[in-house]
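J.: The numbers in the working numbering rise by one with no breaks, and the one at position 111 of the sequence shown is 116. Beta carbons: idealized from backbone N, C-alpha and C, even for Gly.
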Amino acid sequence: MGPVVFQMPVRKKLMFRFVALVSIALMTAACKPVRETINEITNHGKLAGVANCIELSPQGLLSEEAVRGSCIAKFQTELPPWVAQSFDGRGGPSSLGKDKVFSGVITDSPDEYVITKFRVSVVTYASEGDEPDHASAVVEGWFEPGSQYVEFTSLPLDDLPKSWGEIDGMAGCDGEEKRDCWTWTIVGTWGLAL
């Protein structure tokens, strides 16, 4: 007796081919959403995630700048506190018409991250020894590793306290005594790992 050869009936063969073709078509159609999901899971907080997001975005519907901004917002993450502490800089509050604004320069962007935004906190200390007043603002941008400096100007501050009416006459705080003066710091950073 010779070898036994299995033959599929013609109807089952056609059904098998049909199912295979439909499966391939569905996998091809679902490929982009699957790639987007995998990118979001594996590359959140990474520069590679933004690059892949831009590549996978529909072309022609939005400007390149809008797509880039959307991808940055989707993939950026809050960075460890030491990143904010690694900055050095100079800055100060001033008046711009009726508005109080803050301008400054920071230096020493860390080598491990692209900074996409940071929060500046300004604190004023009244001469009466009252509780300090706080105001803050977010600076958005694209600050690459090793940047010599990043300048921000005319930054409007949120929740301006009463003492800001007198800030033009105040000096920056110097040393431990904090009376009738102001100080500033960076309290949070967001960005992307390289």
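Under a three-way DSSP split, which group does Arg184 fall into?
T.: In this structure, Arg184 counts as coil in the three-state DSSP scheme.
J.: For Val85, does the count of other Cβ atoms within 10 angstroms reach 16, so buried, or fall short, so exposed?
T.: Looking at the sequence itself, residue 85 is Pro, so the reference to Val does not match. Label assigned to Pro85: exposed.
J.: In its own chain, which residues sit with a C-beta less than 8 Å from the C-beta of Arg95, not counting the 5 before and 5 after it?
T.: So the qualifying residues of the chain are Gly109 and Val110.
J.: Taking its Cβ as the centre, do 16 or more other Cβ atoms sit within 10 Å of Pro38, making it buried, or is it exposed?
T.: Burial call: exposed.
J.: I'd like the span of the beta strand (DSSP E) that includes Pro137, first residue to last.
T.: Unbroken run through Pro137: none, as it is neither H nor E.
J.: Return helix, strand or coil for Ser75, following the three-state DSSP convention.
T.: Three-state result, Ser75: helix.
J.: How big is the Cα-Cα spacing for Met20 and Arg40?
T.: Going from the Cα of Met20 to the Cα of Arg40 covers about 29 Å.
J.: Name the two residues that bound the continuous beta strand (DSSP E) containing Gly94.
T.: Gly94 -> beta strand (DSSP E) spans Asp93 to Leu101.
J.: Specify whether the region 177-193 and the region 118-125 touch according to this definition: at least 3 beta carbon pairs, one from each stretch, less than 8 Å apart.
T.: As far as the Cβ criterion goes, the region 177-193 touches the region 118-125, which means the pair count is three or higher.
J.: Give me the DSSP bridge partner(s) of Thr121.
T.: Paired residue(s): none; Thr121 is not in a bridge.
J.: Please say whether Gly74 and Leu197 have beta carbons closer to each other than 8 Å?
T.: No. Outside cutoff.
J.: With a CB to CB cut of under 6 Å and the five nearest residues on each side skipped, what residues in its chain are close to Ser62?
T.: The answer, listed in chain order, is Val72.
J.: Starting from Gly54, trace the alpha helix (DSSP H) both ways and give me its first and last residue.
T.: From DSSP, the alpha helix (DSSP H) with Gly54 extends over Leu52 to Leu61.
J.: Span of the alpha helix (DSSP H) holding Ala89?
T.: Residues Pro86 to Gln90.
J.: Return the chain-ordered list of same chain residues with a C-beta closer than 7 Å to the C-beta of Asp116, the five sequence neighbours on each side being excluded.
T.: So the list reads Pro150 and Gly151, once near-sequence residues are dropped.
J.: Report the three-state DSSP secondary structure of Glu41 (helix, strand or coil).
T.: If DSSP states are grouped into helix, strand and coil, Glu41 belongs with the helices.
J.: Would you identify the three-state DSSP class for Glu156, choosing helix, strand or coil?
T.: DSSP places Glu156 in strand when its eight states are reduced to three.
J.: Assuming the contact rule is C-beta atoms closer than 8 Å, Glu145 and Thr129 should be a hit. Round their C-beta distance to whole Å, please.
T.: The pair is not a contact, with the Cβ atoms about 24 Å apart (cut-off 8 Å).
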